Amino acid sequence: MSQYPLANVHPEARIGQNVVIEPFATVQKDVVIEDGSWIGPGAVIWDGSRIGKNVKIYPGASVSSIPQDLKFAGEQTETIIGDNTVIREYVTISRGTTDKMKTAIGKNCLLMAYVHVAHDCIIGNNCILVNTVQVAGHVTIEDWAIIGGASALHQFVKVGAHVMVSGGSLVRKDIPPFTKAAREPLTYAGINSVGLKRRGFTSDKINEIQEIYRYIFMRGLNNSKAIEMIEAELPMSDERELILNFVKESERGIMKGYGN
Numbered sequence: 001m002s003q004y005p006l007a008n009v010h011p012e013a014r015i016g017q018n019v020v021i022e023p024f025a026t027v028q029k030d031v032v033i034e035d036g037s038w039i040g041p042g043a044v045i046w047d048g049s050r051i052g053k054n055v056k057i058y059p060g061a062s063v064s065s066i067p068q069d070l071k072f073a074g075e076q077t078e079t080i081i082g083d084n085t086v087i088r089e090y091v092t093i094s095r096g097t098t099d100k101m102k103t104a105i106g107k108n109c110l111l112m113a114y115v116h117v118a119h120d121c122i123i124g125n126n127c128i129l130v131n132t133v134q135v136a137g138h139v140t141i142e143d144w145a146i147i148g149g150a151s152a153l154h155q156f157v158k159v160g161a162h163v164m165v166s167g168g169s170l171v172r173k174d175i176p177p178f179t180k181a182a183r184e185p186l187t188y189a190g191i192n193s194v195g196l197k198r199r200g201f202t203s204d205k206i207n208e209i210q211e212i213y214r215y216i217f218m219r220g221l222n223n224s225k226a227i228e229m230i231e232a233e234l235p236m237s238d239e240r241e242l243i244l245n246f247v248k249e250s251e252r253g254i255m256k257g258y259g260n
């Protein structure tokens, strides 16, 4: 392994082409690192890591460490990091337990410094977790979500696609897709219109999404009544069904509307 001078790389680790592993990084035995990835000085890539192409892992990061879960009994689980994802300094990511057998980070994500992602979390593609975000176990974050700095996510919560969460938030309830979440306790703060425009949503589609959330958050209706009225009064669309299915399937309940 002389191609990685001063790095501690297990000879059975599977390393792709054009991978750079800087001095004092550690790569354990049951690890796959695909082509073009970069592992910074002092990073630790633990057993179970499955790292995609062109991933950048900065100094001090710890990927696929043993879960901080007293029920963990040494089962063989994984941490999957998607292509082109960037993991900044001192990020910690725990591998899965028997719940999902994996922790997964999607493609094109950015995890800024000191982020923690616990066991059995599933994070979609194109997500951004800003500095010091703390994600407890079994959390799901869908595509294009942005979690503001120093936010803390309770275990088992779900954050929908295209969501924007304000910095310093305490996320105890599920956050439906396309919305902004802010204040304490966390409440609906409108739809993420700026993010949606950047991703090609038309003004008509944004207005349609906004009207759906007026029923859910602004009319003083309970969720069951809001869903009933939306299905009866608003036209069918992919976005409508995505929102309604998210609300129907929420196990922890969704965040409240402002003033409720």
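Under the numbering used here, think of the first position of the sequence shown as 1, with each following residue one higher.
Every residue, glycine too, gets a C-beta built ideally from N, C-alpha and C.
Quick caveat: nothing in here was measured; it's all calculated off a predicted structure.
From residue i to residue j, what distance separates their C-alpha atoms?
i	j	result
SER193	MET164	10 Å
ILE147	LYS248	23 Å
ILE216	LYS180	14 Å
GLU241	GLY195	20 Å
GLY74	GLN210	47 Å
LEU239	ARG172	In the sequence as displayed, the identity of residue 239 is Glu instead of Leu. If you take the alpha carbons of GLU239 and ARG172, they lie about 24 Å apart.
VAL19	GLY40	11 Å
CYS121	ALA113	18 Å
VAL117	ILE243	25 Å
GLY137	PHE178	23 Å
ALA25	LEU6	8 Å
ILE128	GLY60	19 Å
ASP35	ARG50	12 Å
LYS225	VAL27	54 Å
Secondary structure at residue i, three-state DSSP: helix, strand or coil?
i	result
LEU242	helix
TYR258	coil
GLN155	coil
ALA210	Correcting the residue identity first, residue 210 is Gln in this sequence and not Ala. Helix, per DSSP.
ARG14	strand
GLU22	coil
VAL9	strand
MET1	Reliability of the predicted coordinates at MET1 is poor, the pLDDT of 45 falling under 50, and no value is obtained from them.
LYS71	coil
LYS56	strand
ALA232	helix
MET164	strand
LEU196	helix
ALA226	helix
Find out if the Cβ-Cβ distance for the pair residue i, residue j is shorter than 8 Å.
i	j	result
ILE87	LYS53	no
THR187	LYS158	no
TRP46	VAL63	yes
GLY160	PHE72	no
ALA264	THR132	Since the first and last residues shown for the chain are 1 and 260, residue 264 lies out of range.
THR77	LYS107	no
Please indicate yes or no: does the CB of residue i lie closer than 7 Å to some heavy atom of the ligand PLP?
i	result
SER224	For the structure depicted, the ligand PLP is absent and the ligand set is empty, with no information on it obtainable.
Which residues does DSSP pair with residue i in a beta bridge?
i	result
ALA189	DSSP lists no partner for ALA189.
LYS102	GLU78
ILE93	VAL63 and VAL117
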